[in-house]
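J.: Sharing a structure below in structure tokens format, with a few things to ask.
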Amino acid sequence: MHLDGKIPGGPLPQKWERRKLDYALVSPANRRKYTVLVVGTGLAGASAAATLGELGYRVECVFFHDSPRRAHSIAAQGGINAAKNYQNDGDSVQRLFQDTIKGGDYRAREGNVYRLAEVSLRIIDQCVAQGVPFAREYGGKLANRSFGGAQVSRTFYARGQTGQQLLLGAYQSLLRQVQAGTVRLSPRTEMLDLVVAHGRARGIVARDLVTGEIRTFVADAVVLATGGYGNAYFLSTYARNSNATAIWRAHRRGAYFANPCFTQIHPTCIPVSGEHQSKLTLMSESLRNDGRIWVPLRAGDKRSPEQIPEAERDYYLERRYPSYGNLSPRDVASRAAKAVCDEGRGVGPSGLGVYLDFADAIRRLGADVITERYGNLFDMYAEITGEDPYRAPMRIYPAIHYTMGGLWVDYDLMSTIDGLFVVGEANFSDHGANRLGASALMQGLADGYFIVPLAVGSYLARAKPPAIDGAHPAFEEARKDTAARIERLLLVRGKRTAASFHRELGRLLWDTCGMSRNRKGLERALTQIPELREKFYRELLVPGQGESLNRELETAGRVADYFELGELTCRDALHREESCGGHFREEYQTPDGEALRDDEHFAYVAAWQWREGEPPILHKEPLVFEAAPPMQRSYK
Amino acid sequence: MRLALEVWRQRSPETPGRFVRYETTEASPDMSLLELLDVVNEGLVRKGEEPIAFDSDCREGICGTCGFMVNGLAHGPLQGAAACQVYLRNFRDGETLWIEPFRAKAFPLLKDLVLNRSALDRIIAAGGYVTVNTGNAPEANTSTIRKDCAEQAMDAAACIACGACVAACPNASAALFTGAKITHLGNLPEGQPERGRRALRMVRAAAAEGFGHCTFAGECETACPKSIPLQVITQMNHDYLAARLSGEGRAQPRHIEPGTPKRHR
Numbered sequence: 001m002h003l004d005g006k007i008p009g010g011p012l013p014q015k016w017e018r019r020k021l022d023y024a025l026v027s028p029a030n031r032r033k034y035t036v037l038v039v040g041t042g043l044a045g046a047s048a049a050a051t052l053g054e055l056g057y058r059v060e061c062v063f064f065h066d067s068p069r070r071a072h073s074i075a076a077q078g079g080i081n082a083a084k085n086y087q088n089d090g091d092s093v094q095r096l097f098q099d100t101i102k103g104g105d106y107r108a109r110e111g112n113v114y115r116l117a118e119v120s121l122r123i124i125d126q127c128v129a130q131g132v133p134f135a136r137e138y139g140g141k142l143a144n145r146s147f148g149g150a151q152v153s154r155t156f157y158a159r160g161q162t163g164q165q166l167l168l169g170a171y172q173s174l175l176r177q178v179q180a181g182t183v184r185l186s187p188r189t190e191m192l193d194l195v196v197a198h199g200r201a202r203g204i205v206a207r208d209l210v211t212g213e214i215r216t217f218v219a220d221a222v223v224l225a226t227g228g229y230g231n232a233y234f235l236s237t238y239a240r241n242s243n244a245t246a247i248w249r250a251h252r253r254g255a256y257f258a259n260p261c262f263t264q265i266h267p268t269c270i271p272v273s274g275e276h277q278s279k280l281t282l283m284s285e286s287l288r289n290d291g292r293i294w295v296p297l298r299a300g301d302k303r304s305p306e307q308i309p310e311a312e313r314d315y316y317l318e319r320r321y322p323s324y325g326n327l328s329p330r331d332v333a334s335r336a337a338k339a340v341c342d343e344g345r346g347v348g349p350s351g352l353g354v355y356l357d358f359a360d361a362i363r364r365l366g367a368d369v370i371t372e373r374y375g376n377l378f379d380m381y382a383e384i385t386g387e388d389p390y391r392a393p394m395r396i397y398p399a400i401h402y403t404m405g406g407l408w409v410d411y412d413l414m415s416t417i418d419g420l421f422v423v424g425e426a427n428f429s430d431h432g433a434n435r436l437g438a439s440a441l442m443q444g445l446a447d448g449y450f451i452v453p454l455a456v457g458s459y460l461a462r463a464k465p466p467a468i469d470g471a472h473p474a475f476e477e478a479r480k481d482t483a484a485r486i487e488r489l490l491l492v493r494g495k496r497t498a499a500s501f502h503r504e505l506g507r508l509l510w511d512t513c514g515m516s517r518n519r520k521g522l523e524r525a526l527t528q529i530p531e532l533r534e535k536f537y538r539e540l541l542v543p544g545q546g547e548s549l550n551r552e553l554e555t556a557g558r559v560a561d562y563f564e565l566g567e568l569t570c571r572d573a574l575h576r577e578e579s580c581g582g583h584f585r586e587e588y589q590t591p592d593g594e595a596l597r598d599d600e601h602f603a604y605v606a607a608w609q610w611r612e613g614e615p616p617i618l619h620k621e622p623l624v625f626e627a628a629p630p631m632q633r634s635y636k
Numbered sequence: 001m002r003l004a005l006e007v008w009r010q011r012s013p014e015t016p017g018r019f020v021r022y023e024t025t026e027a028s029p030d031m032s033l034l035e036l037l038d039v040v041n042e043g044l045v046r047k048g049e050e051p052i053a054f055d056s057d058c059r060e061g062i063c064g065t066c067g068f069m070v071n072g073l074a075h076g077p078l079q080g081a082a083a084c085q086v087y088l089r090n091f092r093d094g095e096t097l098w099i100e101p102f103r104a105k106a107f108p109l110l111k112d113l114v115l116n117r118s119a120l121d122r123i124i125a126a127g128g129y130v131t132v133n134t135g136n137a138p139e140a141n142t143s144t145i146r147k148d149c150a151e152q153a154m155d156a157a158a159c160i161a162c163g164a165c166v167a168a169c170p171n172a173s174a175a176l177f178t179g180a181k182i183t184h185l186g187n188l189p190e191g192q193p194e195r196g197r198r199a200l201r202m203v204r205a206a207a208a209e210g211f212g213h214c215t216f217a218g219e220c221e222t223a224c225p226k227s228i229p230l231q232v233i234t235q236m237n238h239d240y241l242a243a244r245l246s247g248e249g250r251a252q253p254r255h256i257e258p259g260t261p262k263r264h265r
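Printed below as a string of structure tokens:
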């Protein structure tokens, strides 16, 4: 199948305007005749559901949390980018576009990224109007900070809780629509399958997590806003319940999965402390505005940090990347941390850690200013590690944080299944092979507030999906499939918990398809993952029944999907014989250890088509660069 | 470390619950309390028993999903921390921890430590927002907000809706939660047009959900993992009273039946 991104013609600044004019409209009186199903209530889902409700569509909103406000967007700390140029430091839509394309290592679509940069302006307006308490200057105007991969200050923030405040803005708008009767919420309800009838997405099958009831939801269009798949790696900065089942099930029903190997490893997380650790905690990238990253110059130096004199420290980011320094992009900073730890210069009990030191900043600005900027992050660090970051440097290490890959979508955010839209982190998005800090919030809200509501309307106006009800055979079949999968998990009755398999899979993925990858490791993963999956179906133990609240059953279902997704991730990483962004193949690097792209052979989006019992088929969407010609990405 | 847990187990809302004792030997000071529950649960599952049901998600104190009483204190012994942020180094070796759900009429129990806290969503739905459709917003820097107002709004907006304030309150009042949202939006220019209406509707919604009234016991402020100050309740009472006294919410035009003759002057 030919993959058409449906990017409008004309010069970049006119593409989105043109597309909006092309969109067909549904008249206000007719909108309430259409039901749009939104799965997930993070930034993208909540903003999409609220906006669709405001427009007058009937919106069904399904999510597995107990409240829409719990979605993991809430945990985003540092900020949201927008090309407002309030700091008069040379920012513009064009520059945000260029930074994002370059930051993504030339593996994103120009048209999408330009639109994202354009829409960023309106997001800030909308959020301020909702009462999002962004940081302010004394004159009452909005404040900005800097983030990685940019030389301008364009990041808006609400202390270290920007994601929380943006999500609450969207959540409050969503609940206003609930009160108005346009949106209906189904909390504690997890999507387990997509229903496709006559070639169109027409609804989902979901499990009520309290009663265990298998329910079907019928709709005229489906919007997935279910987040990324980083939890396949077990230890990550994702929330415990973030999972990939919704997008994976949609993939199995025909939605192509794009660039799964583009995973983001965040350089500043609290290092792993023990075997029982359940998740990793991020320390916001904003800390790198004032913190300096270093390790001892000499391998095996076990002195405590204050005993190491200035001359025996290696501020390796400042040394290797003088123009961006500690604000080098995430992929670059993570790899540099791994490199110094591999040389035996890592710090902390495990040797897997580097220092993030605020001593200079505290001397320069005073502890009060640091508290005002980062107080909650310092507290969080102290709670988790029992150490005081005002006195001793923080120890940090990279961890899985975000996935740039996801379901393939065209310019209108529609997947390869008609009527199935995918927004936010769940789609393969606008970040190419590496996302810049503070751009996830921007993309989620751009998709949800400003793009998908128009695209869905146009789809409905043109497709006019015929009436259908839950008795249609497609619903019956999907419901039976789901029940059979649950039954299968319950009936194994082995002796191992789902979590123990998840941990094992996660370690394998981290070792072979983590910060750096090579052919041998990926081939090993591709033989071991199917073996582990077989073992899972022989030895799994899920106590209790399906007809009640059963967390073990939920976990088992998610882990079952991670096996397949993990395998596809490794397959994609193996096929992409180049290094770009977060995908670093050891075989392909420059003499000084930087990622070596191969634009001649790999300047495309890899979109995989699922086949039952057979290897997936690879489809390629070529990437064309006109406004931002690819060059070697340098932060030196 | 050796820690014993006495955990509230209750299969369903209808069946009676009880404390069940679990002895653990695998605890270590760097482990979080929820990770200890994970370990206990893995042990239970391996024995084919049903694990302890408890809610948690982000495990960094921001999503508000987790929460239960530990030795009678909401979220455990630490000021300004949610249950997921409590590490075992805060307990003594050999200690027994009594773990039970947040208890309030408006938070029906579903299973073990898992509650239905949708009542808090309904309070927000009643008025905890600014009415502004997508696309309606003016340029962001046209509104000027004094820094201290923005900071106070942010202090209140930090609420994570965990329900600890309700659980700690002798009246099971949601005043700290409701007051936090009223204070957040009431401190910003964007929140002014609906300020009175918001206070009236949210306070009434809280009462209708079965939350008690506030008698300023102050337990909520201590229990709050985000240390939301008690002043938000004063702000709520102020906005509510101001709205009542100014006749807000009663300003509808009188309905006149068609055909009604003119009143005699």
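Going down the list, the sequences are from chains A and B. First residue of the first sequence? That's 1 in the UniProt record's numbering, and the numbers climb one at a time after it. First residue of the second sequence? That's 1 in the UniProt record's numbering, and the numbers climb one at a time after it. Just so you know, even glycine gets a beta-carbon here, dropped at the ideal spot from N, CA and C. This one's a predicted model, so the numbers in the text were calculated from it and none came from an experiment.
1) Can you tell me which of ARG330/A, ILE101/A and CYS269/A puts its alpha carbon nearest to the alpha carbon of LEU352/A?
2) Under 8 Å, do ALA201/A and LEU192/A count as touching if we go by C-beta distance?
3) So, is the C-beta of LEU175/A closer than 8 Å to a C-beta in chain B?
4) If ARG435/A sits next to TYR402/A, beta carbons under 8 Å apart, how far is it from one beta carbon to the other, in whole angstroms?
5) At which residue ranges does the region 399-479 of chain A contain complete beta strand (DSSP E) runs of 3 or more residues, listed in the order of the chain?
6) Which one or two residues does DSSP pair with GLN589/A in a beta bridge?
7) Would a check of beta-carbon distances place HIS619/A closer than 8 Å to chain B?
8) Is ARG117/B helix, strand or coil when you go by DSSP?
9) Do the region 190-199 of chain B and the region 243-256 of chain B touch if we need at least three Cβ pairs shorter than 8 Å?
10) Interface residues of chain A around TYR22/B at Cβ under 7 Å?
11) Using 10 angstroms around the beta-carbon of GLN545/A, count the other beta-carbons present and answer buried if the total reaches 16, otherwise exposed.
12) Are at least three pairs of beta-carbons, each pair with one atom in the region 95-109 of chain B and one in the region 143-162 of chain A, less than 8 Å apart?
13) Can you tell me which of ILE80/A, ILE265/A, ARG184/A and TYR355/A puts its alpha carbon nearest to the alpha carbon of ARG303/A?
14) Can you name the start and end residues of the alpha helix (DSSP H) that GLU534/A belongs to?
15) Can you tell which of GLY79/A, ALA46/A and LEU52/A has its C-alpha closest to the C-alpha of HIS65/A?
16) Taking ASN141/B as the query, report the chain A residues whose CB atoms sit under 7 Å from its CB, ordered along the chain.
17) So, is ILE256/B buried or exposed, given that buried needs 16 or more other C-beta atoms within 10 angstroms?
18) Output the boundary residues of the alpha helix (DSSP H) element that contains ARG254/B.
19) Along chain A, which residues have their Cβ under 8 Å away from the Cβ of SER246/B?
20) Kindly list, in the order they appear in chain A, the residues whose Cβ is closer than 7 Å to that of GLN85/B.
21) Going by the beta-carbon positions, is the gap between GLN77/A and SER284/A smaller than 8 Å?
22) Can you tell me whether DSSP reads ASP89/A as helix, strand or coil?
23) So what does DSSP say about TRP248/A, is it helix, strand or coil?
24) Near GLU100/B, which residues of its chain fall below 6 Å by C-beta distance, leaving aside the five closest residues on each side in sequence?
25) Check the Cβ of THR281/A against every Cβ in chain B and list those closer than 7 Å, keeping chain order.
26) Assess, as a yes-or-no matter, whether the region 288-295 of chain A is touched by the region 309-318 of chain A under the definition of 3 or more beta carbon pairs within less than 8 Å.
27) Taking just the CA atoms, how far does GLY139/A sit from ALA499/A?
28) So, do the region 166-180 of chain B and the region 162-180 of chain A have three or more beta carbon pairs nearer to each other than 8 Å?
29) Which chain B residues sit within Cβ distance under 8 Å of LYS495/A?
30) With respect to the alpha helix (DSSP H) encompassing ALA336/A, which residues constitute its N-terminal and C-terminal limits?
31) State the beta-bridge partners of THR222/B as determined by DSSP.
32) So, under 8 Å CB-CB, SER173/A and ALA75/A are touching, yes? Tell me the CB distance rounded to an integer number of Å.
33) Any idea if ALA153/B is buried or exposed, counting beta-carbon neighbours within 10 angstroms, 16 or more meaning buried?
34) Are the region 204-219 of chain A and the region 120-128 of chain A touching, with three or more C-beta to C-beta distances below 8 Å?
35) In terms of residues, what are the limits of the alpha helix (DSSP H) holding GLN126/A?
36) Output yes if chain B places a C-beta closer than 8 Å to the C-beta of LEU96/A; else output no.
T.: Short version:
1) Nearest of ARG330/A, ILE101/A and CYS269/A to LEU352/A, Cα basis: CYS269/A.
2) No, these two residues do not count as a Cβ contact at 8 Å.
3) At least one CB atom of chain B sits nearer than 8 Å to the CB of LEU175/A.
4) Contact between ARG435/A and TYR402/A holds, since their C-beta atoms are separated by about 6 Å, short of 8 Å.
5) 420-422, all fully within the region 399-479 of chain A.
6) Bridge partners of GLN589/A: ALA595/A.
7) Not closer than 8 Å to any Cβ of chain B, the Cβ of HIS619/A fails to qualify, so no.
8) Coil, per DSSP.
9) Inter-segment contact for the region 190-199 of chain B and the region 243-256 of chain B is present: three or more beta-carbon pairs are separated by less than 8 Å.
10) For the C-beta of TYR22/B, not a single chain A residue is nearer than 7 Å; the gap to the nearest is close to 15 Å.
11) Exposed.
12) Short answer: they don't touch.
13) The shortest Cα separation from ARG303/A among ILE80/A, ILE265/A, ARG184/A and TYR355/A belongs to TYR355/A.
14) Taken as a continuous stretch (DSSP letters only), the alpha helix (DSSP H) holding GLU534/A covers 519-539.
15) Of the candidates GLY79/A, ALA46/A and LEU52/A, the one whose C-alpha sits nearest the C-alpha of HIS65/A is ALA46/A.
16) Ordered by position in chain A, the residues that pass the 7 Å Cβ test against ASN141/B are TYR86, LYS141 and LEU142.
17) Exposed, because fewer than 16 other Cβ atoms sit within 10 Å of the Cβ of ILE256/B.
18) Taken as a continuous stretch (DSSP letters only), ARG254/B belongs to no alpha helix (DSSP H), as it is neither H nor E.
19) Annotation: SER246/B has no Cβ neighbours in chain A at a cutoff of 8 Å; minimum Cβ distance is about 22 Å.
20) Neighbourhood of GLN85/B in chain A, by CB distance below 7 Å: GLU383, in chain order.
21) Cβ distance < 8 Å, so GLN77/A and SER284/A count as in contact.
22) It is coil, neither helix nor strand.
23) Residue state, collapsed to three classes: helix.
24) The answer, listed in chain order, is TRP8 and MET69.
25) Chain B residues near THR281/A: GLU60.
26) The region 309-318 of chain A is in contact with the region 288-295 of chain A.
27) Rounded to the nearest whole angstrom, the C-alpha separation of ALA499/A and GLY139/A is 52 Å.
28) Here the region 166-180 of chain B does not lie against the region 162-180 of chain A, with fewer than 3 beta-carbon pairs under 8 Å apart.
29) Simply ARG46.
30) Looking at the DSSP string, the run of the alpha helix (DSSP H) that includes ALA336/A is 330-342.
31) Note: THR222/B sits in no beta bridge, so no partner.
32) Going by Cβ atoms, the distance from SER173/A to ALA75/A rounds to 20 Å, so no, they are not a contact pair.
33) The Cβ neighbour count for ALA153/B, taken over all protein chains shown within 10 Å, is at least 16; the residue is labelled buried.
34) No, they do not touch.
35) Run containing GLN126/A: 110-130, per the alpha helix (DSSP H) assignment.
36) No, LEU96/A lies away from the interface with chain B (no Cβ there is under 8 Å from its Cβ).
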